[in-house]
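Asker: Chains as they are written, first to last, in our numbering: chain E, 1 to 702; chain S, 1001 to 1347.
Think of the CB as a built atom: it goes at the ideal place given N, C-alpha and C, for glycine as much as any other residue.
Quick one: this structure, given as structure tokens, is what I'll be asking you about.
Structure representation (structure tokens):
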């Protein structure tokens, strides 16, 4: 090795030498047209046993850094400057054989989509055993014993059975545990986690995060934790590095960066996420103005300049900004020229408080709605028919101008309910009353244009729901035609432009194709289309979960504003309790097809809770160092709707079950009980126990 | 699994019935019968004579009844000639006409009488089909390993030099029909004009296939399939090589060879498997040309003779064989797919 390493290769965990040291790393991707710099001048240090969080929006280069550490940038990517030192060895100059020795043994990686990262045609056990067999040359029997041990370490039940399973036979959470186990098979010194929980449900995420933290402690592994979720980083990491447009903009200890941030982007990021205390009428979120610059369109000087409130022309856009040490703190640095001049404690200035909308009459009423699906077992048609009870006894009402949030994890039946309401499916039994008109049995083809126009939907993924070969304007006009709006083409054209104004898109966008739009802009088009028929009820199915944090706030705000103006009823389907708390008036919590709790936002978010609500609240990561949470980790998996447990749907995972006498939970589905006006829960717990529940989230005094 | 096979069997039977009826209908159109009458009796028959010949030989009955006869679910026709001799579809099946069975058709194992071979269809078809079976076996032995190897080698590093060379080769071979490649091979490898390494005729291979007399027909048929399957394998392989679990394997520290062999191969073979199975019926096509070209008297040659000589019963039998081959390979392909792909399991 010709590497003039200043640090001698240290034994892991003994010396204070860093495990990973990235110095002024620059990475570019080379296309036929040009060189696209993905990461510029990136530095960070990970000490033994330390967890470093890498945070930023999509496209900021955080995953590229991780892949560069693994030296797996693909054919087009190349490290064009700087070095990556791992235990003193420069990874950028290593040959293939040496790299193979390090990969999987010294540095292991955990990926975003567990299903895609496991070989579908290979048993889990063999995939695990492979790691020590190639790196340590041990035999199959010994490797299998090791695999069993690690699989029990990641808290999977029945390890022997799991080892003999194929990946598709496991649930998403189990698959991710297997990926984690695979990473730990050879006890690596550094673990890179690339958005390890993004594809998982919140309660599963909470359990996986717990596991990662414990294992990090147990094995003494250092971690590089990549996430867009600030709350998760707070829970897992010791240090954080915020990235923006290919650069690290701020780095430091988590507590310093969260409470004494010294970069305008970090501050803007925190102001755009809904934290407890934010409220849509009194303390609205502040969206970051403008858009993320494309890699080849980065401005001169500070990359964040054009979107920054503290921008000073002539200084900030003069030359590239280096990192500045923030004095008096532990390795806290920022890429802001003016960090010493800005008053960081000044409150956000936008904060235009809107007035609260009074709610009107009931527009939508669900009465004991049920939706069952019959599925045949197996691909080849054989096997008994099974019934999936997607929705059971769904009853609620929604009023004009109200936001009703529907919360629950995947498989709880929230999307089925939306389909039945929209008319994409018809109900098995029960009634849906829209303005006192029964629509539960009318499929969408048979509904009148007014009914179709008045119940519309905003979809989760704006990238797939726009026709890629039709201009934006044409798509909106098409919706107007379908809903029978406007008599002439000219009238519809005018209405389309008004709709673009409504969703705050420039009128020129009418002639653009969807591919020319960013995610947030596409979602705005989706919203415009939903409101084309003068929608009275809009079902928003996770409308912002596919968007970046800074865009989420803007889109949420837009929905609220349109609602205020049109007095629309918004049914907001989400698994993100932070945003639900921020914008909804009432919340309905669903589990396995049942409504387990319904009430106003305050009632649902404070005790007494339904035990499931309690667990959900505890699972949501909150990016605020002052918040103290009670840790409740749900054991086991969500039961299948095909084979629900007897009695209360939640009884298999409930931590309060022992408080109910005589095993009632296992025998009877609890009735809906009214605890306070408008607050109902489906639980057998005695009133005294409910009254004694403690709040999950408390905000410590500053 | 059994239930699935039974259901599939039922569907296949129904499909086979429909398809054979279509072929039966088309081969028994009036002009064909007329031609048959003239070739069997006399070329210079009058129209009235033709009509009466058709009537006397049982071809005049309604098409559905005749189809039933052929299947063996309707009693065969009988006619008493002017001289008192009993004639009929099934009469010759027994030494004494009185003992002849009432039914004789596919169900009874009687495939009809070939006017070309002047022998029962069943006897002749079995022999020729066997010859084609030998040919097909060697084609598969050459084609499948060669094409998979080429496909995997080309697909494991997309865009590399190996990929481009092998892809060019596969495209060239698929783009060359058998009647071109066959002739080219004969000219260059089996005639005084080029290297006389092989024999240009496979007639002697019917008695004992050797490398010398059999390699060229095998190569000609296989070559077309090699290119095709190699392209499919390559596409599947390149897709698998970009999958995330391949990255997982790479970042586990596996060497490239181990990644290809242990992680990519099985996944990459799922798609070509179906294609290989679909190649069987397609091979029947190639067989027709190649067997005629190399004078190898197999199934393809029989089919050509049957069609050329208006041998209705023989033609029907050939089509039944073709239908059977297509349906059975489909079944094998579906079942095999399940075994290759653990994600699809019969619940």
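1. So which residues of chain E does residue 1244 of chain S contact, with C-beta pairs closer than 8 Å?
2. Drop a sphere of 10 angstroms on the beta-carbon of residue 1247 of chain S, count the other beta-carbons inside from all chains shown, and report buried for 16 or more, exposed for fewer.
3. Are the beta-carbon atoms belonging to residue 97 of chain E and residue 285 of chain E less than 8 Å from one another?
4. Report, in whole angstroms, the separation of the C-beta atoms of residue 475 of chain E and residue 525 of chain E, which I expect to be a contact under 8 Å.
5. Let's see if you can read the secondary structure: which residues bound the alpha helix (DSSP H) around residue 1285 of chain S?
6. Quick check on this structure: which residue in E:441, E:423, E:446 and E:427 has the alpha carbon closest to the alpha carbon of residue 456 of chain E?
7. Is any heavy atom of the ligand ADP found at a distance shorter than 7 Å from the C-beta of residue 340 of chain E?
8. Quick test of your reading: residue 1233 of chain S and residue 1258 of chain S, contact by CB under 8 Å. State the CB separation rounded to the nearest angstrom.
9. Are the CB atoms of residue 443 of chain E and residue 428 of chain E nearer to each other than 8 Å?
10. Run through the stretch 1123-1195 of chain S for me and flag every whole alpha helix (DSSP H) of 4 or more residues, listed as ranges in chain order.
11. Counting C-beta neighbours from all protein chains within 10 Å, is the total for residue 154 of chain E 16 or more, i.e. buried, or is it exposed?
12. Evaluate residue 267 of chain E with the Cβ neighbour count: other Cβ atoms within 10 Å of its Cβ, from every protein chain shown; 16 or more gives buried, anything less gives exposed.
13. Of all the options E:113, E:213, E:531 and E:106, which has the alpha carbon lying nearest to the alpha carbon of residue 565 of chain E?
14. Give the residues of chain S in contact with residue 131 of chain E, contact being defined as C-beta atoms less than 8 Å apart.
15. Kindly indicate which three-state DSSP category residue 114 of chain E falls into: helix, strand or coil?
16. Express the C-alpha separation of residue 1010 of chain S and residue 1217 of chain S in angstroms, rounding to a whole number.
17. I need the straight-line Cα distance from residue 142 of chain E to residue 522 of chain E, nearest angstrom please.
18. Please return the same chain residues whose Cβ sits closer than 6 Å to the Cβ of residue 275 of chain E, not counting the five positions on each side in sequence.
19. If you run the structure through DSSP and keep just helix, strand and coil, what is residue 698 of chain E?
20. For the stretch 164-180 of chain E, enumerate the residues whose C-beta is nearer than 7 Å to any C-beta of chain S, in chain order.
21. If you pair each beta-carbon of the stretch 548-555 of chain E with each one of the stretch 236-252 of chain E, do three or more pairs fall below 8 Å?
22. Within a Cβ cutoff of 8 Å, which residues of the same chain sit near residue 223 of chain E, ignoring the five residues on either side of it in sequence?
23. Could you name the residues that DSSP lists as bridge partners for residue 135 of chain E?
24. So, at 6 Å on beta carbons, what are the nonlocal neighbours of residue 259 of chain E in its own chain, with the 5 sequence-adjacent residues on each side left out?
25. I'd like to know if the stretch 634-652 of chain E and the stretch 1014-1031 of chain S are in contact, where contact means that at least 3 CB-CB pairs between them fall below 8 Å.
26. If you run the structure through DSSP and keep just helix, strand and coil, what is residue 490 of chain E?
27. Could you pull the start and end residues of the beta strand (DSSP E) that residue 159 of chain E belongs to?
28. Under three-state DSSP, which class holds residue 11 of chain E?
29. Where does residue 119 of chain E fall in DSSP's three states?
30. In the DSSP output, what is residue 103 of chain E paired with across the bridge?
31. My output table needs one value for residue 333 of chain E: the three-state DSSP class, helix, strand or coil.
32. Within its chain, find whatever has a CB closer than 7 Å to the CB of residue 1187 of chain S; leave out the 5 residues flanking it on each side and keep chain order.
33. Ends of the beta strand (DSSP E) at residue 77 of chain E?
34. Can the beta-carbon of residue 404 of chain E be found closer than 8 Å to that of residue 558 of chain E?
35. Restricting to Cα atoms, I'd like to know which of E:686, E:196, E:655 and E:649 is closest to residue 661 of chain E.
36. Between residue 228 of chain E and chain S, is there a C-beta pair that is closer than 8 Å?
Answerer: The answer reads as follows:
1. 111, 113, 116 and 117
2. buried
3. no
4. 7 Å
5. Residue 1285 of chain S -> alpha helix (DSSP H) spans 1265-1293.
6. E:423
7. Absent from the structure shown: the ligand ADP. Ligands present: none.
8. Between residue 1258 of chain S and residue 1233 of chain S the Cβ distance is about 19 Å, and since that is not below 8 Å, they are no contact.
9. No, the Cβ-Cβ distance between residue 443 of chain E and residue 428 of chain E is not below 8 Å.
10. 1161-1175 and 1178-1189
11. buried
12. buried
13. E:531
14. 1252 and 1253
15. Three-state result, residue 114 of chain E: helix.
16. 37 Å
17. 53 Å
18. 624
19. strand
20. 166 and 168
21. With the rule of 3 Cβ pairs closer than 8 Å, the stretch 548-555 of chain E does not count as touching the stretch 236-252 of chain E.
22. 46, 50, 51, 52, 190, 191, 192, 193, 212, 216, 236 and 237
23. DSSP, once it has assigned bridges, lists no residue as partnering residue 135 of chain E.
24. 625
25. no
26. helix
27. Careful: residue 159 of chain E lies outside any beta strand (DSSP E), inside the alpha helix (DSSP H) at 159-163.
28. Any reading at residue 11 of chain E must be qualified, since the residue scores a pLDDT of 42, below 50, and its modelled position is unreliable; the value itself is stated next. Looking at residue 11 of chain E - three-state DSSP - the assignment turns out to be coil, as it is neither helix nor strand.
29. coil
30. E:107
31. strand
32. 1193 and 1194
33. Residue range 77-86 is occupied by the beta strand (DSSP E) that includes residue 77 of chain E.
34. no
35. E:686
36. Not flagged as an interface residue toward chain S: residue 228 of chain E, since no C-beta distance is shorter than 8 Å.
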